[in-house]
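Participant: Numbering (this note's numbering), first residue to last: 11 to 150.
A virtual CB, placed ideally from N, CA and C, is assigned to each residue, including glycine.
Model, not experiment: these values are computed from the prediction.
#1: Taking its Cβ as the centre, do 16 or more other Cβ atoms sit within 10 Å of residue 131, making it buried, or is it exposed?
#2: Do residue 99 and residue 93 have their CB atoms nearer than 8 Å?
#3: If we require 3 or more residues per run, which beta strand (DSSP E) segments fall completely within the stretch 57–145?
#4: On the DSSP letters alone, give me the boundaries of the beta strand (DSSP E) that residue 32 sits inside.
#5: For the stretch 141–150 against the stretch 36–44, are there 3 or more C-beta pairs whose distance is under 8 Å?
#6: Please list the terminal residues of the continuous beta strand (DSSP E) segment that includes residue 48.
#7: What does the Cβ neighbour count give for residue 47, buried or exposed, with the cut at 16 atoms within 10 Å?
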């Protein structure tokens with residue numbers, strides 16, 4: 011009985027990895043793109059379809075991100091392309107985890123953590139910053 015209880019507790023811990031219990035690692039979740047920011051003012055230049063009304067001048071982009079064993083993969087469902095690269099943990103603290111990311115010839119930093127929004131809700135987010143743009147992902 012103790013083994014069953016321990017197994018259930020372990021399973022619960024794994025399943026809540028992206029449910030706000032602590033700071034998630036990039037590997038803990040599948041990620042869905044919410045927006046791409048770019049340009050001089052950091053305006054939204056692309057976004058998921060659900061955010062199109064908030065950003066009417068932005069292109070629609072459906073993209074997923076997964077990370078495992080040092081490999082990061084972005085899958086663009088809009089055009090069927092896949093982009094791969096590498097990532098490595100740079101730093102961790104109680105609020106976030108920071109990663110170095112190299113993807114298709116570009117290098118940048120990424121942060122994974124729980125973001126609290128204006129309405130008080132919170133969700134796991136993964137944000138990748140390159141020189142000219144920022145990719146914002148939420149847990150799928």
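Facilitator: According to the structure data:
#1: As a working note, residue 131 is residue 121 in the chain shown. By the neighbour-count rule (16 or more Cβ atoms within 10 Å), residue 131 is not buried but exposed.
#2: Walking along the chain shown from the start, residue 99 turns up at place 89. Walking along the chain shown from the start, residue 93 turns up at place 83. Going by C-beta atoms, residue 99 is not nearer than 8 Å to residue 93.
#3: 73–78, 81–86, 91–102, 106–113, 116–126, 132–139
#4: As a first step, residue 32 must be located in the chain shown, where it is residue number 22. No beta strand (DSSP E) contains residue 32, which DSSP labels as neither H nor E.
#5: yes
#6: As a first step, residue 48 must be located in the chain shown, where it is residue number 38. It spans 41–48 - the beta strand (DSSP E) in which residue 48 sits, taken as one unbroken run.
#7: Along the chain shown, read from residue 1 onward, the residue named residue 47 stands at position 37. The residue is buried, with at least 16 neighbouring Cβ atoms inside 10 Å.
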